[in-house]
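Here's the structure we're looking at; comments come further down.
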């Protein structure tokens, strides 16, 4: 799989060296083919295949686009359209760790913007840039659906809740020094590439680390239980068969 040369002469700002040798091996191709076999329509495997490519290449490369297209029987343009649509697919080389700061509404109001600014100043990089040592790629990210723990920072897609600028700086320093870092929800932080392999559909056996939901997320459920509240029985809703029979 070496010596790949891209026919993409214009990359639209994507960093791609046409002479770069791909890291995608025959073993990776076999895993991509195995992913494709999991779906009734094999093109449905494109998203996990792109995650797998990122776990190997550190980004989506022209070689990955070509290989995915060949396995799935679609055009490179179709693969490229998907890879450029979703922000989880990266077109520039990523650092060892991806640090995402949520700056959507509630997180921003509660300090997300200050956290992002503090990390940019501390690391000496801007949004969607990587530190010179290759340890950290920093990115503003959209809502993580964790508003009950705002402001939230994610490291390789693991949650760090109710963060502050000081805690965020301490977090990235631990990552840069390869210290063991554990999310408040219990997951031990691996590298971004390792996380990408899990997203591709190859479990690392650690899915049960940490709670599935914390106290804030379960508060509404506990209040409902205490007050005896429950959702209506579907059989009792107007228009159901049981309602019609009762007429």
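Residue numbers (our numbering): 27 to 273.
For every residue, glycine included, the Cβ atom is placed at its ideal position computed from N, Cα and C.
Legend entry - Cut-off 7 Å between Cβ atoms - residues of its own chain near residue 122, not counting five sequence neighbours on either side: Only 160, 161, 217 and 218 meet the Cβ criterion.
Legend entry - 7 Å Cβ cutoff, residue 249 in contact with chain D: Protein chain content of the structure displayed is limited to a single chain, and chain D is not contained in it.
Legend entry - N-terminal and C-terminal residue of the beta strand (DSSP E) that residue 164 is part of: 162-167 is the span of the beta strand (DSSP E), which, as asked, contains residue 164.
Inset, instruction - Kindly confirm or deny that the segment 115-130 and the segment 171-186 touch, where touching means at least three C-beta pairs closer than 8 Å. - result: Touching, yes.
Legend entry - Burial state of residue 208 (16 or more Cβ within 10 Å): If you draw a 10 Å sphere on the C-beta of residue 208, you find fewer than 16 other C-beta atoms in it, and that means exposed.
Inset, instruction - Could you pull the start and end residues of the alpha helix (DSSP H) that residue 111 belongs to? - result: In this chain, the alpha helix (DSSP H) harbouring residue 111 covers 102-111.
Legend entry - Same chain, Cβ closer than 6 Å to residue 115, five either side skipped, listed in chain order: Cβ neighbours of residue 115 beyond the five flanking positions: 76, 86 and 109.
Legend entry - For residue 214: DSSP bridge partner residues: Note: residue 214 sits in a beta bridge opposite 208.
Legend entry - Distance, residue 172 Cα to residue 196 Cα: Our two residues, residue 196 and residue 172, have alpha carbons roughly 21 Å apart in a direct line.
Inset, instruction - Please name the residue, chosen from 133, 249 and 48, that lies closest to residue 186 on a Cα-to-Cα basis. - result: Looking at 133, 249 and 48, the one whose alpha-carbon comes closest to that of residue 186 is 133.
Inset, instruction - Rank 48, 107 and 73 by C-alpha distance to the C-alpha of residue 84 and give the top, closest one. - result: In terms of Cα proximity to residue 84, the closest of 48, 107 and 73 is 48.
Inset, instruction - Can you give me the Cβ contacts of residue 136 inside the same chain, cut-off strictly under 6 Å, excluding the 5 residues immediately before and after it? - result: The answer, listed in chain order, is 176 and 177.
Inset, instruction - For residue 156, name the three-state secondary structure that DSSP assigns. - result: Reduced to three states, the DSSP call for residue 156 is strand.
Legend entry - Paired residues, beta bridge with residue 180 - DSSP: Bridge partners of residue 180: 126 and 185.
Inset, instruction - Helix, strand or coil for residue 175, going by three-state DSSP, please let me know. - result: When secondary structure is reduced to three states using DSSP, residue 175 falls in the helix class.
Inset, instruction - Taking only the alpha-carbon atoms, compute the straight-line gap between residue 147 and residue 200 and give it to the nearest angstrom. - result: CA-to-CA, the gap between residue 147 and residue 200 works out to about 17 Å.
Inset, instruction - Leaving out five residues on either side along the sequence, give the residues of the same chain with a beta carbon under 6 Å from the beta carbon of residue 5. - result: An answer regarding residue 5 cannot be provided, because it is not within the stretch 27 to 273 covered by the chain.
Inset, instruction - Measure the CB-CB distance between residue 140 and residue 191 and report whether it falls below 7 Å. - result: For the 7 Å CB-CB criterion, residue 140 and residue 191 form a contact.
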